[in-house]
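Heads up, the thing below is written out as structure tokens.
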Amino acid sequence: MPYYRSAGEVPHKRHTQFRRPDGGLYSEELMGQEGFSSDSSLLYHRHPPTAIASAEVYETPALNRSANHPLKPRHLRTHKLDAGPADAVLGRRALLANDDVRIGYVVADRPSPLYRDAVGDECLYVEDGRVVVETSFGALEAGAGDYVIIPTSVVHRIVPQDGPARLLTIEANGHIGPPKRYLSVRGQFLEHAPYCERDLRGPAEPLLVDETDVEVLVKHRAGWTRHVYAQHPFDVVGWDGCLYPWAFSIHDFEPITGRVHQPPPVHQTFEGPNFVVCSFVPRKVDYHPLAIPVPYNHHNVDSDEMMFYTGGNYEARRGSGIEQGSISLHPSGFTHGPQPGAVERALGVEAFDELAVMVDTFRPLDLCDAAVAVEDTAYAWTWNR
Numbered sequence: 001m002p003y004y005r006s007a008g009e010v011p012h013k014r015h016t017q018f019r020r021p022d023g024g025l026y027s028e029e030l031m032g033q034e035g036f037s038s039d040s041s042l043l044y045h046r047h048p049p050t051a052i053a054s055a056e057v058y059e060t061p062a063l064n065r066s067a068n069h070p071l072k073p074r075h076l077r078t079h080k081l082d083a084g085p086a087d088a089v090l091g092r093r094a095l096l097a098n099d100d101v102r103i104g105y106v107v108a109d110r111p112s113p114l115y116r117d118a119v120g121d122e123c124l125y126v127e128d129g130r131v132v133v134e135t136s137f138g139a140l141e142a143g144a145g146d147y148v149i150i151p152t153s154v155v156h157r158i159v160p161q162d163g164p165a166r167l168l169t170i171e172a173n174g175h176i177g178p179p180k181r182y183l184s185v186r187g188q189f190l191e192h193a194p195y196c197e198r199d200l201r202g203p204a205e206p207l208l209v210d211e212t213d214v215e216v217l218v219k220h221r222a223g224w225t226r227h228v229y230a231q232h233p234f235d236v237v238g239w240d241g242c243l244y245p246w247a248f249s250i251h252d253f254e255p256i257t258g259r260v261h262q263p264p265p266v267h268q269t270f271e272g273p274n275f276v277v278c279s280f281v282p283r284k285v286d287y288h289p290l291a292i293p294v295p296y297n298h299h300n301v302d303s304d305e306m307m308f309y310t311g312g313n314y315e316a317r318r319g320s321g322i323e324q325g326s327i328s329l330h331p332s333g334f335t336h337g338p339q340p341g342a343v344e345r346a347l348g349v350e351a352f353d354e355l356a357v358m359v360d361t362f363r364p365l366d367l368c369d370a371a372v373a374v375e376d377t378a379y380a381w382t383w384n385r
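Following UniProt numbering, the numbering of the sequence shown begins with 1 at its first residue and continues without gaps.
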């Protein structure tokens, strides 16, 4: 993260004696990225965070992936996945995946198990409902429109509040953060960035849980493991540093507009390994007297484009069957653009009321079983009218 935070109790100097009220030492843990060469935080535990009592293989259902072949645009209706009890970790349904990122969806109505993703950072987007993300750093509350970034290997669980919550899940094989072009060489958000430090929320205070023999599920590169820890990992009395879970509301993203239609990079919100995440929000549109506000036909030859429609009316897709909760996939190798009639309808429009999350990947996205199950197979032909 681009700036420092501190919560709870920490000693005056790092890597020095920090004692409990009974005189014993707290256990210091350094959590850092890129082999001690990037962002890190120091956490102070009541008990050694290394003490595991058992480890066993945890079997998860196989992830079946199939190529987008024959190559065509796809439309997925995620709300058809609403049925059945689920938690936000084990209940998520993989939709699209490649070797860099996996995109899923879940309607969570119960707390998840304690979970650690040791493969990469995770980005949760709350379509509707509310959750509390409990972590070893503390708790984060998140509601409709919130992104939550959970760094690699942070132990956490996701607890729905007052009913089910719909979540889009983005699991990276690496780290997710603000685009480098938004940051100074020292990590401060620059003036041209569409959001800044004031818009970010981190845990305000530690969670202190006293339990023994606690199960934590770990996703790692060889599969999944169930660890049993001697003490609950939420035993941190304080932490400080620049690496921690954080939340950001899509409603705090300030759109960048111009006299003529702006390209998708102006909507970029985060970047990950070989993918970007963009936010399309309500905004005034192009103000050249001859402007065409909807996107021009375009063919991004290096990436697949996934769009999750999460509110308002996405003008360029009107008439295609796209609705709340829809996901469109426009792959590299296919030229896409506004639906027939959208250009004419948009002439003279001053503002768009739309809300969408876009993920552009620089390797092709495969279809997972759940995507095939909820596909609107007529979507590819909706331009042929």
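Backbone N, C-alpha and C fix where the C-beta goes; we use that ideal spot for every residue, glycine too.
Buried versus exposed, by CB contacts within 10 Å (16 or more), residue i
i, result
"Gln339", "buried"
"Phe189", "buried"
"Gln17", "exposed"
"Phe234", "buried"
"Ser279", "buried"
"Gln268", "buried"
"Arg166", "buried"
"Leu365", "buried"
"Trp239", "buried"
"Ala142", "buried"
"Lys219", "buried"
"Leu71", "exposed"
"Arg92", "buried"
"Thr78", "buried"
"Phe352", "buried"
Member of the options whose CA lies at the smallest distance from the CA of residue i
i, options, result
"Phe253", "Arg317, Phe308, Tyr147", "Tyr147"
"Asp304", "Val106, Ala144, Met358", "Met358"
"residue 390", "Trp381, Ala291, Gly143", "The requested residue 390 does not occur in the structure, where the chain is confined to residues 1 to 385."
"Pro295", "Phe137, Val277, Arg318, Gly312", "Arg318"
"Leu95", "Leu76, Phe137, Gly321", "Leu76"
"Ser38", "Val133, Leu243, Pro179, Ile170", "Leu243"
"Met31", "Gly104, Val155, Glu9, Lys13", "Val155"
"Val57", "Phe275, Leu217, Ile103", "Leu217"
"Ala230", "Asp210, Leu42, Arg221", "Asp210"
"Thr135", "Leu207, Pro73, Asn98, Gly163", "Leu207"
"His232", "Gly223, Thr225, Thr212", "Thr212"
Residue i to residue j span [Cα, whole Å]
i, j, result
"Pro11", "Pro49", "18 Å"
"Ile176", "Tyr115", "18 Å"
"Val237", "Glu34", "25 Å"
"Ser27", "Ile52", "15 Å"
"Tyr125", "Phe308", "10 Å"
"Ala356", "Ile149", "18 Å"
"Tyr363", "Asp302", "It should be pointed out that residue 363 corresponds to Arg in this sequence rather than to Tyr. One C-alpha to the other measures close to 8 Å."
"His15", "Ser6", "16 Å"
"Ser249", "Asp199", "8 Å"
"Arg110", "Leu347", "46 Å"
"Ser184", "Ala86", "42 Å"
Proximity of residue i and residue j at Cβ, strictly below 8 Å
i, j, result
"Ala108", "Ala88", "yes"
"Ser270", "Cys123", "Checking the sequence, you will find Phe at residue 270 rather than Ser. Their beta carbons are under 8 Å apart, which means Phe270 touches Cys123 by this criterion."
"Arg283", "Pro255", "yes"
"Arg157", "Pro113", "yes"
"Tyr314", "Ile327", "no"
"Gly163", "Gly138", "no"
"Arg74", "Glu354", "no"
"Thr361", "Asp100", "yes"
Sheet register partners of residue i (DSSP bridge)
i, result
"Leu76", "Ile327, Glu375"
"Gln33", "Its beta-bridge partners do not exist; DSSP assigns none."
"Ala97", "Arg102, Asp366"
"Ser136", "In DSSP, Ser136 forms no bridge with anything."
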